[in-house]
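If you're matching them up, the sequences are chains A and B in order.
Oh and the first sequence: position 27 is 274 in my numbering, straight run, nothing missing.
Oh and the second sequence: position 33 is 1205 in my numbering, straight run, nothing missing.
Where is the CB? At the ideal position from N, CA and C, for every residue including glycine.
Remember, it's a predicted structure, so these values are computed and weren't measured experimentally.
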Amino acid sequence: MTEPVAALFFTGMLLFMTGVYLLLGVRNLLRIVLAVEVLAKGITLMLLAAGFHRGAMGLTQSLIVTFIIVETILAAVMLALVVICQRTNSSLDIRLLSRLKG
Amino acid sequence: MALLIVLLGLLVLFAVLLGVSRDLLYAAAALAAASVILSIVLFSFGANVAAAFELSVCAGLITVLFVSTVSLTKDSDQKTEARLPALFLLPMLVLFAGISGFFVRWLAGVLPAAGQARAVTFQEVFWGQRMTDVLGQISLVLVGVFGLLAILRAKSAGRHHD
């Protein structure tokens, strides 16, 4: 493994774990969306590292573009749900979501 | 290599700023900056199309969506946000760096040798070999649009009912 690939894998893993930590630690719904974005940055870096290592940048770019689209749709739907939750509960606290009714 | 390390260091720095900032608008700005740095990294590795997508969609669209949501929700819950995760973020980052080091060392042992795959352009892969992905992406965009419409319509219908 070359040094750039190792650096990419290292940073990708670091960002992934930071995202998971933030995801588990925060209570604000908007911060949860941000944590998912941090996690996604880490995954993008690891995809890039794997593709660069194998010398298949065409395939890697294709997968990264697909992942970015998935990430964007996820963020858009999550943010819409955040707006609805705020209007329903007058709060962004995730603990209040236990009082949802069907 | 030195430039790459600086860029990756900035990426981690912006992720940490995003985690510790009290103001959500600063956090959104940090996310946009992290996306810009990531797109520079992608450019430097020759992934030009992916870099353009990252720059326009992640640094642009998602940031605009996020700032709009912050302004819509008026960020009413800053006082209830626990400060403990932000305080422990730096020590945890050291722990995560150690785990990542072990991960990279383990990966170096199990990864197959660096390959030189046949030079295939992004266009050939995307429109030729990965056509199913394109169909999946179109479906995802439709799911996203219809999902948003359903969420917003359900809310407006609920209001009308009230």
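Counted within 10 angstroms of its Cβ, other Cβ atoms place residue i as buried (16 or more) or exposed
{"i": "Ile320 of chain A", "result": "buried"}
{"i": "Ser337 of chain A", "result": "exposed"}
{"i": "Pro1284 of chain B", "result": "exposed"}
{"i": "Ile1310 of chain B", "result": "exposed"}
{"i": "Met260 of chain A", "result": "buried"}
{"i": "Tyr1198 of chain B", "result": "exposed"}
{"i": "Met264 of chain A", "result": "buried"}
{"i": "Ala1291 of chain B", "result": "exposed"}
{"i": "Thr313 of chain A", "result": "buried"}
{"i": "Ala1280 of chain B", "result": "exposed"}
{"i": "Ala1222 of chain B", "result": "buried"}
{"i": "Met304 of chain A", "result": "buried"}
{"i": "Thr1245 of chain B", "result": "buried"}
{"i": "Gln1295 of chain B", "result": "exposed"}
Boundaries of the alpha helix (DSSP H) in which residue i is found, first to last residue
{"i": "Pro251 of chain A", "result": "250-272"}
{"i": "Val1188 of chain B", "result": "1174-1192"}
{"i": "Gly1273 of chain B", "result": "1261-1282"}
{"i": "Lys1246 of chain B", "result": "Lys1246 of chain B -> no alpha helix (DSSP H), and no H or E assigned at all."}
{"i": "Ala1206 of chain B", "result": "1196-1216"}
{"i": "Ile315 of chain A", "result": "304-336"}
{"i": "Asn1220 of chain B", "result": "1220-1225"}
{"i": "Val285 of chain A", "result": "276-301"}
Spatial distance of residue i from residue j (CA atoms)
{"i": "Leu1312 of chain B", "j": "Val317 of chain A", "result": "7 Å"}
{"i": "Phe1298 of chain B", "j": "Ile1234 of chain B", "result": "23 Å"}
{"i": "Arg1302 of chain B", "j": "Ser309 of chain A", "result": "8 Å"}
{"i": "Met248 of chain A", "j": "Thr258 of chain A", "result": "15 Å"}
{"i": "Glu1350 of chain B", "j": "Leu1196 of chain B", "result": "Beyond the ends of chain B as shown, which are 1173 and 1334, falls residue 1350 of chain B; an answer cannot be given."}
{"i": "Val324 of chain A", "j": "Glu284 of chain A", "result": "13 Å"}
{"i": "Leu1320 of chain B", "j": "Glu250 of chain A", "result": "43 Å"}
{"i": "Gly1181 of chain B", "j": "Leu306 of chain A", "result": "26 Å"}
{"i": "Phe326 of chain A", "j": "Leu277 of chain A", "result": "The question names Phe, but residue 326 of chain A in the sequence shown is Leu. Cα-Cα distance, rounded: 7 Å."}
{"i": "Val273 of chain A", "j": "Leu281 of chain A", "result": "10 Å"}
{"i": "Arg1325 of chain B", "j": "Leu1256 of chain B", "result": "38 Å"}
{"i": "Leu344 of chain A", "j": "Ala1202 of chain B", "result": "27 Å"}
{"i": "Phe1318 of chain B", "j": "Leu328 of chain A", "result": "13 Å"}
{"i": "Ala1200 of chain B", "j": "Val1239 of chain B", "result": "7 Å"}
Neighbour flag for residue i against chain B, beta carbons, 8 Å
{"i": "Leu344 of chain A", "result": "no"}
{"i": "Ile320 of chain A", "result": "yes"}
{"i": "Val283 of chain A", "result": "no"}
{"i": "Ile311 of chain A", "result": "yes"}
{"i": "Ile290 of chain A", "result": "no"}
{"i": "Ile331 of chain A", "result": "yes"}
{"i": "Ile279 of chain A", "result": "no"}
Proximity test, residue i beta-carbon vs the ligand ZN heavy atom, cut-off 7 Å
{"i": "Thr335 of chain A", "result": "Absence of the ligand ZN from the depicted structure is noted, as is the absence of any ligand whatsoever, leaving it without description."}
Cβ of residue i within 8 Å of any chain A Cβ
{"i": "Ile1212 of chain B", "result": "no"}
{"i": "Pro1263 of chain B", "result": "no"}
{"i": "Thr1244 of chain B", "result": "As written in the sequence, residue 1244 of chain B is Leu, which differs from the Thr given in the question. Yes - at least one Cβ of chain A is within 8 Å of the one on Leu1244 of chain B."}
{"i": "Asp1346 of chain B", "result": "Since the first residue shown for chain B is 1173 and the last is 1334, residue 1346 of chain B is missing from the structure and cannot be characterised."}
{"i": "Ser1272 of chain B", "result": "yes"}
{"i": "Val1239 of chain B", "result": "no"}
{"i": "Phe1268 of chain B", "result": "yes"}
{"i": "Leu1259 of chain B", "result": "no"}
{"i": "Ala1219 of chain B", "result": "yes"}
{"i": "Ser1196 of chain B", "result": "In the sequence on display, residue 1196 of chain B carries Leu and not Ser. It does: the Cβ of Leu1196 of chain B has a partner Cβ on chain A nearer than 8 Å."}
{"i": "Ala1199 of chain B", "result": "yes"}
Subject >> Inter-stretch contact at 8 Å, needing at least 3 Cβ pairs: the stretch 1179-1197 of chain B / the stretch 1261-1275 of chain B >> reply: Touching, yes, given that three or more Cβ pairs across the two stretches are closer than 8 Å.
Original post:
Do three or more CB pairs link the stretch 1273-1286 of chain B to the stretch 1224-1239 of chain B at distances below 8 Å?
Top reply: no
Original post:
Between the stretch 1304-1319 of chain B and the stretch 286-295 of chain A, do at least 3 Cβ pairs fall closer than 8 Å?
Top reply: no
Original post:
Which residues, in chain order, does the stretch 1276-1302 of chain B contribute to contact with chain D at a C-beta distance below 7 Å?
Top reply: Of the protein chains in this structure, namely A and B, none is chain D.
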